[in-house]
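Worksheet: the structure to be examined is printed underneath.
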């Protein structure tokens, strides 16, 4: 299926998207250390995470992009491949927000915290925002809720010419009744940012070319899942302190 003009425009402006990812990670959000320990009988609701519209696939950082026409041609190739990669991941049932929610619940439970998933209607956004107070679900016995959002994810070229996965997440723990923010942190898995927790990427998760990425949807899915897992392990450890 051919990409719509809107999709083509968004892909062409992907470099701006990558820049905005950095802004999203380093913006006006204050880092909040955990304000209160989880009560022995406390229940944490992990609500549906905020998420972007699609995976980003770009060739912007290739060290050879300064060569006339080379960088442009390679980026157009990546732009053309991006909708197909997204479609393939979709056909495999991969939904980044579901993966993050499941991983958070799993890692919190592994720390001995009573956590469960709570579904909240949440549309994809170009730059996902935190829930407004009125949009939180009813407490229903929960001590706190986790409002996490993925501010960007995908596969980008490095200066080496290799392609590597990236994921950026902002996690917020909010008291269920008062909606007071008890904890907030930003995480960057192989992504840029200022005051963020930088998470080293898995060295094996890399591809040599645009074609290699496009021909390995299972590998892309697994790499993104590993990135999310590294982030959720840190979030769970922070909250369980």
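Numbering (the numbering used here), first residue to last: 3 to 243.
The beta carbon of each residue, even a glycine, is placed where N, CA and C say it ideally should be.
Task: Three-way DSSP call (helix, strand, coil) for residue 218 in this model - done: coil
- [ ] Find out if the Cβ-Cβ distance for the pair residue 166, residue 203 is shorter than 8 angstroms.
- [x] yes
TODO: State yes or no: is the C-beta of residue 46 within less than 8 angstroms of the C-beta of residue 110?
DONE: yes
- [ ] With DSSP collapsed to three states, give me the class of residue 137.
- [x] Under the three-state reduction of DSSP, residue 137 is assigned to helix.
Open item on the list: Tell me the DSSP secondary structure of residue 1 in three-state form.
Closed with: As displayed, the chain neither begins before 3 nor continues past 243, which places residue 1 out of reach and without an answer.
Open item on the list: Within a Cβ cutoff of 7 angstroms, which residues of the same chain sit near residue 143, ignoring the five residues on either side of it in sequence?
Closed with: 45
Open item on the list: Which residue marks the beginning of the alpha helix (DSSP H) containing residue 85, and which one marks its end?
Closed with: 72-93
Open item on the list: Here's the rule I'm using: 16 or more other beta-carbon atoms within 10 Å means buried, otherwise exposed. How should residue 134 be labelled?
Closed with: Here residue 134 is exposed, its C-beta having fewer than 16 other C-beta atoms within 10 Å.
Task: Burial state of residue 200, where buried means 16 or more other Cβ atoms lie within 10 Å - done: Result: exposed.
Task: Buried/exposed call for residue 37, threshold 16 Cβ in 10 Å - done: exposed
Open item on the list: Less than 8 angstroms between the beta carbons of residue 83 and residue 237, yes or no?
Closed with: no
Task: Residues near residue 218 by beta carbon distance below 8 angstroms, same chain, minus five either side - done: 209
Task: Rounded distance between the beta-carbons of residue 60 and residue 146, thought under 8 angstroms - done: Between residue 60 and residue 146 the Cβ distance is about 37 angstroms, and since that is not below 8 angstroms, they are no contact.
TODO: Can you tell me which of the three DSSP states residue 234 falls into?
DONE: Collapsing the DSSP output to three states places residue 234 in a helix.
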